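Undergrad: In my numbering, the protein residues as written are 336 to 642. Structure in structure tokens, see below.
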Amino acid sequence: MAGSMLSIGECMVELMQAEGDMLRKGYAGDTFNTAYYARLFLPTDWSVDYFTAVGTDIVSSEMLAFIENTGIGTGHIRRIEGLMPGLYMIHLKEGERSFSYWRSASAAKLLAEDPERLRAAIEASDVVFFSGITLAILAANTVETLLTELRRARASGKRVVFDPNIRPRLWGEPARMRATLEAGARAANLVMPSFDDEAAHFGDESVEATIDRYRALGVEDVAVKDGARGVTLHFTGEERVHVPAVAAAVVDTTSAGDSFNGAFLARLAAGDSPAEAAAFAVRVAAAVIGHHGALIRRDKLVPDHIL
Ligand code: ADP
336 MAGSMLSIGE
346 CMVELMQAEG
356 DMLRKGYAGD
366 TFNTAYYARL
376 FLPTDWSVDY
386 FTAVGTDIVS
396 SEMLAFIENT
406 GIGTGHIRRI
416 EGLMPGLYMI
426 HLKEGERSFS
436 YWRSASAAKL
446 LAEDPERLRA
456 AIEASDVVFF
466 SGITLAILAA
476 NTVETLLTEL
486 RRARASGKRV
496 VFDPNIRPRL
506 WGEPARMRAT
516 LEAGARAANL
526 VMPSFDDEAA
536 HFGDESVEAT
546 IDRYRALGVE
556 DVAVKDGARG
566 VTLHFTGEER
576 VHVPAVAAAV
586 VDTTSAGDSF
596 NGAFLARLAA
606 GDSPAEAAAF
616 AVRVAAAVIG
626 HHGALIRRDK
636 LVPDHIL
């Protein structure tokens, strides 16, 4: 059945060391990466849209053109005169990656400052995805604007999906971080956390404990990603089930979680059971981490792991 997915958050300009001082430009960000992988694997009668705010400058126009080129709609994206997208640089030293960010003044921080636009985008969608990074970058007084719209979406029967994607450096005060992430989870009916983050910041001793904690917040469905151990699913009305990862030749783990999210949501939308969708998504994630970069072309993924 046809449908539409909306992903809400920040896409940044990525500068990666190429040769010597040469830099290669790309575009990435957790919620955009998830939209990208959802688009790769959703049926063609589904649409995918990205929701953010960008500037009216050349960089913003190039980013929108890039997003459109991946088959993702940009019609709901707000453009704000005088602002620009955030930017990050990947440093490579002896195979180890580190990151520098210029995002404190990015346009995306204002994405929830136009509630009517936000509501229209959400109302046009069947599945709505957002993350802890989406919440972390927002001006504090607009977190509630976003969550109000997401709660409304959940109440009206849409699938509202939250990946806590915990980045303590974006948050400052840990107590506010935990409280806001919990509020994000309560606005969702499917939460897709990564166990190592949850253990580090919420003290969970096991994947089971992470599931139980989100269920106690009132979340119906939980999918806990656990790196090379795979994923554990608790979907209302179904048995709790563990789906093992598939062996991967790890080149670059960037986007493991995002590609899992996108592929999983695509297959759920297409009518797979959660266990079937996860069995597909662990293969996609394993193929993605076999390549450099966040956004891997479909033809590079398909032959090895997916068909
Ligand atoms: P995140 O990138 O959000 O931290 P994880 O590291 O938990 O997410 O990885 C997400 C998914 O990617 C896992 O559930 C698993 O399917 C796959 N994955 C991650 N690391 C490996 C690995 N070393 N080998 C095989 N699969 C992996």
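Beta carbons are placed, not taken as given, at the ideal position from N, Cα and C, and that holds for glycine. None of these values were measured; they are calculated from a predicted model.
(1) Closer than 6 Å by C-beta to R438: which residues in its own chain qualify, once you throw out the five before and the five after it? Chain order, please.
(2) Answer with buried or exposed for I546, where buried requires no fewer than 16 other C-beta atoms within 10 angstroms of its C-beta.
(3) As a quick exercise: from T369, S396, E448, pick the residue whose alpha carbon is nearest that of V348.
(4) Taking only three categories from DSSP, how would you classify R632?
(5) Under 8 Å, with one C-beta from each stretch per pair, do the region 373-393 and the region 472-481 reach the 3-pair mark?
(6) Give me the pocket residues for ligand 1, defined as CB within less than 6 Å of any heavy atom, sorted by chain position.
(7) Can you tell me whether S289 is buried or exposed, with buried defined as 16 or more other CB within 10 angstroms of its CB?
(8) In angstroms, rounded to a whole number, what distance separates the CA positions of S433 and A534?
(9) Using only the alpha-carbon positions, how far apart do L485 and M351 sit?
(10) Note the first and the last residue of the continuous beta strand (DSSP E) segment covering R432.
(11) Less than 9 Å separating the beta-carbons of F497 and F465?
(12) CB D593 to CB Y372, shorter than 9 Å?
(13) What's the call for P450, buried or exposed, on a 16-neighbour Cβ count within 10 Å?
(14) Terminal residues of the continuous alpha helix (DSSP H) containing R359?
(15) Do H411 and A442 count as a contact pair if the criterion is CB distance below 9 Å?
(16) Between F419 and A440, is the Cβ-Cβ spacing less than 9 Å?
(17) When the Cα atoms are used, what is the spatial distance from D356 to L453?
(18) Taking only the alpha-carbon atoms, compute the straight-line gap between S590 and E416 and give it to the nearest angstrom.
(19) Near I407, which residues of its chain fall below 6 Å by C-beta distance, leaving aside the five closest residues on each side in sequence?
(20) Considering just the uninterrupted stretch of the alpha helix (DSSP H) at F570, what are its terminal residues?
(21) Pull up the CB-CB distance for V526 and K493, whole angstroms please, since I reckon it's below 8 Å.
(22) Do R730 and T588 have their CB atoms nearer than 9 Å?
(23) Rounding to the nearest angstrom, what Cα-Cα distance links A400 and A544 in this structure?
TA: Straight from the coordinates:
(1) If you number the sequence shown from 1, residue 438 lands on position 103. For R438, where only same-chain residues beyond five positions count, the Cβ hits under 6 Å are G421.
(2) Within the sequence shown, residue 546 is the residue found at index 211, counting from 1. Buried is the call here.
(3) Taking the first residue of the sequence shown as 1, we reach residue 348 at position 13. If we check each option's Cα against that of V348, S396 comes out closest.
(4) By one-based count along the sequence shown, residue 632 stands at place 297. Reduced to three states, the DSSP call for R632 is coil.
(5) Output reads no: the region 472-481 does not touch the region 373-393.
(6) Proximity to ligand 1 was defined by a C-beta distance below 6 Å to any of its heavy atoms, and the residues meeting it, in sequence along the chain, are S529, K560, D561, G562, A563, G565, V566, A580, A583, V585, T588, A591, G592, F595, V617, A620, A621, I624.
(7) No information on residue 289 is available, as it lies outside the stretch 336 to 642 that the chain covers here.
(8) Stepping through the sequence shown from its first residue, residue 433 is reached at position 98. Stepping through the sequence shown from its first residue, residue 534 is reached at position 199. Spanning the two alpha carbons is a distance of roughly 23 Å.
(9) Counting from one through the sequence shown, the residue named residue 485 turns up at place 150. Counting from one through the sequence shown, the residue named residue 351 turns up at place 16. For L485 and M351, the distance between alpha carbons rounds to 34 Å.
(10) Position 97 of the sequence shown holds residue 432. That run of the beta strand (DSSP E) goes 431-437.
(11) In the sequence shown, residue 497 corresponds to position 162, counting from 1. In the sequence shown, residue 465 corresponds to position 130, counting from 1. A Cβ-Cβ contact shorter than 9 Å links F497 with F465.
(12) Position 258 of the sequence shown, counting from 1, holds the residue named residue 593. Position 37 of the sequence shown, counting from 1, holds the residue named residue 372. Taking 9 Å as the Cβ cut-off, D593 and Y372 qualify as a contacting pair.
(13) To locate residue 450, count along the sequence shown from 1; it is residue 115. By the 10 Å Cβ count, P450 comes out exposed.
(14) In the sequence shown, the residue the question calls residue 359 occupies position 24. Looking at the DSSP string, R359 is not in any alpha helix (DSSP H); the run it does join, the beta strand (DSSP E), is 358-363.
(15) Numbered from its first residue, the sequence shown carries residue 442 at position 107. Numbered from its first residue, the sequence shown carries residue 411 at position 76. No. Outside cutoff.
(16) In the sequence shown, residue 419 corresponds to position 84, counting from 1. In the sequence shown, residue 440 corresponds to position 105, counting from 1. Per the sequence shown, residue 419 should be read as Met rather than Phe. Going by beta carbons, M419 and A440 fall inside the 9 Å limit.
(17) Taking the sequence shown and counting its residues from 1, one reaches residue 356 at position 21. Taking the sequence shown and counting its residues from 1, one reaches residue 453 at position 118. In this structure, the straight-line span from the alpha carbon of D356 to that of L453 is close to 40 Å.
(18) Translated into positions along the sequence shown, residue 590 becomes position 255. Translated into positions along the sequence shown, residue 416 becomes position 81. Distance from the CA of S590 to the CA of E416, rounded to the nearest whole angstrom, comes to 31 Å.
(19) Start at 1 with the first residue of the sequence shown, and residue 407 comes out as number 72. Around I407: A370, R374, V383, Y385.
(20) Within the sequence shown, residue 570 is the residue found at index 235, counting from 1. According to the DSSP assignment, F570 belongs to no alpha helix (DSSP H), since it is labelled neither H nor E.
(21) Indexing the sequence shown from 1 puts residue 526 at position 191. Indexing the sequence shown from 1 puts residue 493 at position 158. Contact doesn't hold; Cβ gap of about 15 Å is too wide.
(22) Since the first and last residues shown for the chain are 336 and 642, residue 730 lies out of range.
(23) Along the sequence shown, one-based indexing puts residue 400 at 65. Along the sequence shown, one-based indexing puts residue 544 at 209. A400 and A544: Cα-Cα distance of roughly 43 Å.
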